[in-house]
Amino acid sequence: MSESATRQAVPAPDERLATPVFAQLLLTQALFGLGWSMFLVIPKYLVQTFDADPVEVGWITAVPGIAIVLSIPLVTQHIDRFPARWFMSGGSMMVVLAGLGTATLPVLDFRIYVYQALQGLGFVFCFNAGGAMAADLAPPTSLGRAMSWFGAANLCMNGVSPFIGELLLPGYGWRGAYLFAAGAGVLAAVVALLLPTHARPERKLTDLQARAGTWGFVTWPLARVAISSTLSAFAFMAVIAFYQPFALSEGVVQVRNYFFGFVLMALAVRFGMGGISDRLGTHRVARGAQVAYIFPPLLLAWLGPQHLFLVGALHGLVHGAHFPAMSALAVERVDPRARGRALTLLVGAFNGGTSVASHVLGPVAKQWSFEAAFVLGSLVAGLGVLTLGRAVAPPPPPPTRVA
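When you read off a place in the sequence shown, starting at 1, and then add 24, the result is the number in this note's numbering.
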């Protein structure tokens, strides 16, 4: 075959990121986030409804992370083999079941653990499959921007959903808030089914030799990213799980200002600087964000719950840069045929860290103080700077076959 014929046989890749399919993917994730984000105020729900103490809050908020970690073998085996819309729709229905169960929970018993596990599994199904699809749809030069936009679709609902929940509380109580979450999950499931069946990279026997098998994709550079993600989860969970009980213990009832600050700054970072990792280098941005993750819990310990907007703004600034950079770093360090599995490992590592952090920080907050738990979370997150290691070259793309 001549060189000119070869060039004609290989279709030119679409260099646009803002395509109709990508927009539909963002809509699906946003609707999912509208339902799932109501579970971000589960600590307030537990304290106000069942008078839960910090240890109980820690145990219950740890369940989604445990469920996600336990699901990794199953998800990594199948997420790159089947259409993303199946996983996204299934994950959305898990949030529906969790919302319905939480809305009708009469007493604090084992059922809350089941519902928390469902919403955790729903997240890993929907977010990981959608993230892999976003990476596949992105031009090579816009991978960081694609991960930023996809994450922002879910992130913006982190503020919208709790705000709606607090508006519903006076008239409808927590029952109304979690029924709303279930309704949003139904919409997400329907829209997910309308996504096209996006063609994934080919899977064949040589994938195993190309480190794209079920576990063969895991390399030491990828493992270091996952370990750093686990450690950063201590700072994340110190704030997200315990700022609400901390605020309530200090007489601060309205906690939505934190989410306003968080979402405002996180979206500003992801849309305003969505391609920063493409310009400066993914590893450099990820390392800087890992360092910055030390500071939000320290600021909360210093300012107290009277300045939740400022704490949320700093946390959103850091998380807005951290998660997309770590996601892009993870998918850069694997064969393109293993992107879904790499994201599953990364999200599983982060949520495993949140689970351990909840178990550790809850007793610290009860025995000593919330401030002590915040400081400990920052110290552990600082170790993630060391484990991230140095930049490595991404693996070469698989050879293009020409018929």
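Don't be surprised by glycine CBs; every beta carbon is placed ideally from N, CA and C.
Whose C-beta lies closer than 7 Å to the C-beta of residue i among residues of the same chain, with five residues either side of it excluded?
| i | result |
| --- | --- |
| V293 | L341, G344 and A345 |
| L338 | F319, P320 and L323 |
| L51 | V215 |
| Y202 | M62, G123, T126 and A127 |
| G408 | S252, L255, S256 and Q314 |
| A397 | A262, F266, L385, V388 and A389 |
Quick one: grab the DSSP three-state call for residue i.
| i | result |
| --- | --- |
| Y492 | Because residue 492 is not part of the residues shown, which for the chain are 25 to 427, the question remains open. |
| G305 | coil |
| T230 | Here the model assigns T230 a pLDDT of 46, short of 50, so the residue's position is not dependable and the matter cannot be decided. |
| Y196 | helix |
| I84 | helix |
| R105 | coil |
| S393 | coil |
| L132 | coil |
| L218 | coil |
| L203 | helix |
| F266 | coil |
| E274 | coil |
| V184 | helix |
| P163 | coil |
| I318 | coil |
| A236 | Any answer about A236 is weak, because its pLDDT of 47 lies below 50 and its placement is not dependable; what the coordinates show is given next. In the structure shown, A236 sits in coil (DSSP, three-state: anything other than H, G, I, E or B). |
| A76 | coil |
| V279 | coil |
| V93 | helix |
| V120 | helix |
| V71 | helix |
| V242 | coil |
Ordered along the chain, which non-local residues of its own chain (more than five positions away) have a Cβ less than 6 Å from that of residue i?
| i | result |
| --- | --- |
| A234 | Caution is warranted here: a pLDDT of 46 is assigned to A234, below 50, making its placement in the model unreliable, and no coordinate value can be reported. |
| A205 | G59, M62 and G123 |
| G183 | F283, F284 and V287 |
| A213 | S113, S116 and M117 |
| E226 | Summary for E226: the model assigns pLDDT 44, below 50, so the residue's position carries little reliability; its value from the coordinates is reported in the next sentence. Excluding sequence neighbours, E226 sits near nothing in its chain. |
| G57 | N178 and M181 |
| F374 | S253 and A257 |
| Q53 | G154, A177 and N178 |
| L332 | N281 and Y282 |
For a quick check, are the C-beta atoms of residue i and residue j less than 9 Å apart?
| i | j | result |
| --- | --- | --- |
| T126 | I136 | yes |
| F147 | P88 | yes |
| T306 | L353 | yes |
| P186 | K390 | no |
| E211 | G200 | It is worth fixing the name first, because residue 211 is Leu in this sequence and not Glu. Taking 9 Å as the Cβ cut-off, L211 and G200 do not qualify as a contacting pair. |
| R365 | I103 | yes |
| P329 | V276 | yes |
| G406 | S95 | no |
| R363 | A156 | yes |
| L370 | M350 | yes |
Whose C-beta lies closer than 8 Å to the C-beta of residue i among residues of the same chain, with five residues either side of it excluded?
| i | result |
| --- | --- |
| S393 | none |
| P44 | none |
| T230 | Low confidence applies here, because T230 scores a pLDDT of 46, under 50, leaving its location unreliable and the question unanswered by this model. |
| A158 | F46, L49, A170, M171, W173 and F174 |
Rounded to the nearest angstrom, how far is the Cβ of residue i from that of residue j, given a contact under 8 Å?
| i | j | result |
| --- | --- | --- |
| F73 | W198 | Per the sequence shown, residue 73 should be read as Thr rather than Phe. Correct: roughly 6 Å between the Cβ atoms. |
| V65 | G209 | Going by Cβ atoms, the distance from V65 to G209 rounds to 16 Å, so no, they are not a contact pair. |
Should residue i be flagged as near chain E, meaning a C-beta pair shorter than 9 Å?
| i | result |
| --- | --- |
| F398 | Absent here is chain E; the protein component of the structure consists of one chain. |
Taking only runs that begin and end inside the region 328-416, name each unbroken alpha helix (DSSP H) of 4 or more residues, in chain order.
Qualifying alpha helix (DSSP H) stretches, in chain order: 332-356, 363-391 and 394-411.
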